[in-house]
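Here's the structure, in structure tokens; my notes come after.
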Amino acid sequence: MTLHRNIRTTAEYQAIDAAHHWHPFTDTKDLNAKGARVIVKAEGVWLTDSEGARILDGMAGLWCVNVGYGREEIVEAVARQMRELPYYNTFFQCTHPAAAEFAEALCAQAPAHMNRVFFTNSGSEANDTVFRLARVYWDCMGKPSKKIFIARRNGYHGSTVAAASLGGMAPMHAQSGLPIEGVRHIGQPYWFGEGRDSGMTPEEFGLARARELEAMIDELGADNVCAFVAEPIQGAGGVVIPPDSYWPEIQRICRERDILLVADEVICGFGRTGAWWGSETFGIEPDLMPIAKGMTSGYQPMGGVLISDRVAGPVIDKAGEFFHGFTYSGHPAAAAAGLANLRIMQEERLVERAARIAAPRLAQVWRALADHPLVGEARCRGLVGALELVRSKPDMARFPEHVGAGALCRDLSVRNGLVMRAVGDTMIIAPPLVISEDEIDELGARARRTLDDLAERLEREGAL
Ligand code: PMP
Numbered sequence: 000m001t002l003h004r005n006i007r008t009t010a011e012y013q014a015i016d017a018a019h020h021w022h023p024f025t026d027t028k029d030l031n032a033k034g035a036r037v038i039v040k041a042e043g044v045w046l047t048d049s050e051g052a053r054i055l056d057g058m059a060g061l062w063c064v065n066v067g068y069g070r071e072e073i074v075e076a077v078a079r080q081m082r083e084l085p086y087y088n089t090f091f092q093c094t095h096p097a098a099a100e101f102a103e104a105l106c107a108q109a110p111a112h113m114n115r116v117f118f119t120n121s122g123s124e125a126n127d128t129v130f131r132l133a134r135v136y137w138d139c140m141g142k143p144s145k146k147i148f149i150a151r152r153n154g155y156h157g158s159t160v161a162a163a164s165l166g167g168m169a170p171m172h173a174q175s176g177l178p179i180e181g182v183r184h185i186g187q188p189y190w191f192g193e194g195r196d197s198g199m200t201p202e203e204f205g206l207a208r209a210r211e212l213e214a215m216i217d218e219l220g221a222d223n224v225c226a227f228v229a230e231p232i233q234g235a236g237g238v239v240i241p242p243d244s245y246w247p248e249i250q251r252i253c254r255e256r257d258i259l260l261v262a263d264e265v266i267c268g269f270g271r272t273g274a275w276w277g278s279e280t281f282g283i284e285p286d287l288m289p290i291a292k293g294m295t296s297g298y299q300p301m302g303g304v305l306i307s308d309r310v311a312g313p314v315i316d317k318a319g320e321f322f323h324g325f326t327y328s329g330h331p332a333a334a335a336a337g338l339a340n341l342r343i344m345q346e347e348r349l350v351e352r353a354a355r356i357a358a359p360r361l362a363q364v365w366r367a368l369a370d371h372p373l374v375g376e377a378r379c380r381g382l383v384g385a386l387e388l389v390r391s392k393p394d395m396a397r398f399p400e401h402v403g404a405g406a407l408c409r410d411l412s413v414r415n416g417l418v419m420r421a422v423g424d425t426m427i428i429a430p431p432l433v434i435s436e437d438e439i440d441e442l443g444a445r446a447r448r449t450l451d452d453l454a455e456r457l458e459r460e461g462a463l
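Take the sequence shown: its letters are residues 0 to 463, numbered as in numbering that gives the first Met the number 0.
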């Protein structure tokens, strides 16, 4: 059996890739000077590159391969579906068994007040769907002036125009004249990065950041505000875990001001935080939840929006046709992958296992890294974590930007056989939920070796 198609050499792949393949979120000149790493196969939590190196995938692909690689049940379900019905649309008064069954199963697993899903192909499209659907909802409620979205600086909701506008990534905005009209941003509950010098405790800081929402709604007038959109834990922004005071206050403000609450569960959903939903971890009841990633564990591209009864009721009742959708909304192969993925998670009780066994082990192994001279903070929740790199302690001085400590750490990590991602000088991980206790120990050992290598390198370069 051929497992992969790496019939060319690494250099040949790098050459054709450099010549023809434009990568997402990449400085092409910089990448082409180095050559891309060629990943050829994977099993469990382990990647293999074209040179035969085995690398522990501490990022579950891109926060998505929750059930791990090599799950034959999903492969079989997709193959079976593609033989039977590779494609049909869900536009023109049609459905098919895969979409209908996946919708039923998803809603059974969703919070009790969410009983409908709108299928998209990605998390970005899910957030664009939120942008349109939330406004239609307020039209149906007789409040068409409620159009403004409030989101957060350093939030991430995708790369399409509305999703990137909801996101608060300054470099993305700067490149293309975003955000579009009707989107405003408040501060993030990032205590290590922005709260430590405030004189507030983390809990006080969480409350203060939540109350920026209240202040902005009051400034704009609640009659003009549609929804607040945020990730339960910011992922791409650097695994920002909010203080416990934050989310209950946000929920109170949204309820009191009659603003829809949108929890972007693209990363947090499907077990990442140690519960099925990040909203569950933080005890909130959102009106809309964009999902993707763990929805199929990345075996097929798919996203969606879980829709509460509160929103679905008036829209279905009053809006008539919702002029929105994608050729591949509910794609049969993606839905079959999603259904097989969900069954694996339920039958193997992966979320419960992650919460009971993997998360406590990771917490122990990961937080222990805080004693390293280069680590200012080691935080985690469920199976997602971050390390803050610092030049010195206890003053927690950061490295000057030109040192590129995070990027260097990431490269050293891969050399040590561990994928960690760098967000500035914040190192982040989100391994597959199926990671074993031994593999978590290995992850910790490789991360520590990497930090030691980083210290040695920075010292040699005079940056320490
Ligand atoms: N929302 C969040 C919270 C995300 O992390 C991402 C992707 N990293 C998206 C939306 C966008 O998803 P996609 O890349 O599938 O469009």
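Even for Gly, the Cβ is constructed at its ideal location relative to N, Cα and C. Just so you know, these numbers come straight off a predicted model, no measurement behind them.
Where residue i falls: helix, strand or coil (DSSP)
i: T1; result: The predicted position of T1 is uncertain, since its pLDDT is 47 and thus under 50; a value taken from the coordinates is nonetheless stated next. In the structure shown, T1 sits in coil (DSSP, three-state: anything other than H, G, I, E or B).
i: F191; result: helix
i: I147; result: strand
i: L417; result: strand
i: G443; result: helix
i: L84; result: coil
i: F498; result: Residue coverage of the chain in this structure runs from 0 to 463, which leaves residue 498 outside it and unanswerable.
i: E42; result: strand
i: I54; result: strand
i: V508; result: Lying outside 0 to 463, the shown extent of the chain, residue 508 is not represented and no answer is given.
i: I232; result: coil
i: V135; result: helix
i: F227; result: strand
i: M426; result: strand
i: M171; result: helix
i: Y155; result: coil
i: H323; result: coil
CA-to-CA distance, residue j to residue i, given in whole angstroms
i: A444; j: D243; result: 30 Å
i: P359; j: G381; result: 8 Å
i: M0; j: L46; result: The pLDDT assigned to M0 is 42, lower than 50, so where the model puts this residue is not dependable; a value taken from the coordinates is nonetheless given after this. Those two C-alpha atoms are separated by around 19 Å.
i: Y12; j: V37; result: 7 Å
i: L368; j: G423; result: 19 Å
i: F148; j: D222; result: 12 Å
i: I306; j: R447; result: 43 Å
i: W417; j: L206; result: This sequence places Leu at residue 417; Trp is not what is there. If I take the Cα positions, the gap works out to 36 Å.
i: F398; j: A35; result: 27 Å
i: L177; j: L165; result: 9 Å
i: G122; j: K40; result: 25 Å
i: G297; j: S435; result: 20 Å
i: T200; j: E376; result: 15 Å
i: E465; j: M419; result: As displayed, the chain neither begins before 0 nor continues past 463, which places residue 465 out of reach and without an answer.
i: P170; j: S158; result: 12 Å
i: M215; j: I185; result: 8 Å
i: T272; j: T280; result: 7 Å
i: R152; j: L61; result: 21 Å
i: Q80; j: T89; result: 16 Å
i: P467; j: E387; result: Absent from the structure is residue 467, since the part of the chain shown begins at 0 and ends at 463.
i: A274; j: G461; result: 44 Å
i: R7; j: A52; result: 16 Å
Counted within 10 angstroms of its Cβ, other Cβ atoms place residue i as buried (16 or more) or exposed
i: F325; result: buried
i: W21; result: exposed
i: Y86; result: exposed
i: H95; result: buried
i: G236; result: buried
i: A32; result: exposed
i: G194; result: buried
i: P143; result: exposed
i: I427; result: buried
i: D316; result: exposed
i: V74; result: exposed
i: K145; result: buried
i: K28; result: exposed
i: T425; result: buried
Spatial neighbours of residue i in its chain, beta-carbon cut-off 7 Å, leaving aside the 5 residues before and after
i: D308; result: H112 and N114
i: T128; result: F117, T119, V304 and H323
i: A421; result: G405, A406, C408 and R409
i: A334; result: A97, A98 and F101
i: A104; result: L338 and L341
i: R70; result: I343
i: D263; result: N126, H156, V228, A229, E230 and P289
i: G270; result: N65, G293, M344, L349, V350, A353 and L432
Proximal residues to residue i (C-beta, below 8 Å), its chain only, five neighbours per side dropped
i: E248; result: G205, L206, A209 and R210
i: R183; result: I147, F148, I149, A150, M215 and L219
Contacting residues, own chain, Cβ-Cβ under 6 Å from residue i (five flanking each side not counted)
i: V64; result: S296, G297 and P431
i: I252; result: L212 and E213
In chain order, which continuous runs of the beta strand (DSSP E) of length 3 or greater are located wholly inside the stretch 329-398?
DSSP assignment within the stretch 329-398 yields the following whole beta strand (DSSP E) runs of 3 residues or more, N-terminal first: 374-380 and 383-388.
As an exercise, report each continuous beta strand (DSSP E) stretch of at least 3 residues that is fully enclosed by the stretch 251-311, in chain order.
The qualifying runs are 259-262, 287-290 and 302-307.
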